[in-house]
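Q:
In the working numbering, the protein residues as written are 327 to 438.
(1) Can you list, in chain order, the residues of its chain with a C-beta nearer than 7 Å to that of residue 419? Leave out the 5 residues immediately preceding and following it.
(2) Based on the DSSP output, what are the partners of residue 397 in its beta bridges?
(3) Assuming residue 392 contacts residue 413 (C-beta within less than 8 Å), just tell me the rounded distance between them.
(4) Rounded to a whole number of angstroms, what is the C-alpha to C-alpha distance between residue 339 and residue 436?
(5) Since residue 368 contacts residue 397 with CB under 8 Å, what's their CB separation in whole angstroms?
(6) Sorted by chain position, which residues of the same chain lie with C-beta nearer than 6 Å to residue 336's C-beta, five sequence neighbours on each side aside?
(7) Helix, strand or coil: which one does DSSP assign to residue 344?
(8) For residue 427, which residues in the same chain have their Cβ closer than 7 Å to its Cβ, ignoring the five residues on either side in sequence?
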């Protein structure tokens, strides 16, 4: 389950960010919440439209520089087709909007 705009309707302005964990069906087997929907999340990668054609298959790090950064995961303001962790947008790093955020994360360490 993801927090997303089910349709572009006249009451679109009423939709908004949901508290983390509001959609229990949206929790992954690893216990991560809201990996799709709610807000687009900034990631560390710079955007390059041709990068994936020549990148490593596992966890590609993205180009080392660029002018726009990648956002992933869809948001409350987009329709269901964008509710995938693989969905991408790109914007300059200074771009801000009501449906953009970030996820604080750290390595799990040797214990998992």
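All C-beta atoms in this analysis are idealised placements derived from N, C-alpha and C, irrespective of residue type, glycine included.
These numbers were taken from a predicted model, which means no experiment stands behind them.
A: The short version:
(1) Residue 419 sits at position 93 when you count from the first residue of the chain shown. These residues qualify, in order along the chain: 395.
(2) Here residue 397 refers to the residue found at position 71 when the chain shown is read from its first residue. In the DSSP output, where bridge partners are listed per residue, residue 397 has 368, 415.
(3) What you label residue 392 is simply residue 66 of the chain shown in a count that begins at 1. What you label residue 413 is simply residue 87 of the chain shown in a count that begins at 1. Contact check for residue 392 and residue 413: beta-carbon distance about 19 Å, past the 8 Å limit, so the pair fails to qualify.
(4) By one-based count along the chain shown, residue 339 stands at place 13. By one-based count along the chain shown, residue 436 stands at place 110. Unreliable positioning characterises residue 339 in this predicted model, as indicated by a pLDDT of 47, which lies under 50. The coordinate reading is nonetheless provided below. C-alpha separation (whole angstroms): 45 Å.
(5) As a first step, residue 368 must be located in the chain shown, where it is residue number 42. As a first step, residue 397 must be located in the chain shown, where it is residue number 71. Between residue 397 and residue 368 the Cβ distance is about 6 Å, and since that is below 8 Å, they are a contact.
(6) Sequence index remark: in the chain shown, residue 336 carries index 10 (1-based). Note on residue 336: pLDDT 47, under 50, position unreliable in the model; the coordinate value appears next. Apart from the 5 residues on each side of it in sequence, residue 336 has no Cβ closer than 6 Å to any other Cβ in its chain.
(7) On the chain shown, position 18 is the one that residue 344 refers to. Of the three classes helix, strand and coil, the one that applies to residue 344 here is coil, per DSSP.
(8) As a working mapping, residue 427 is identified with position 101 in the chain shown. So the list reads 365, 367, once near-sequence residues are dropped.
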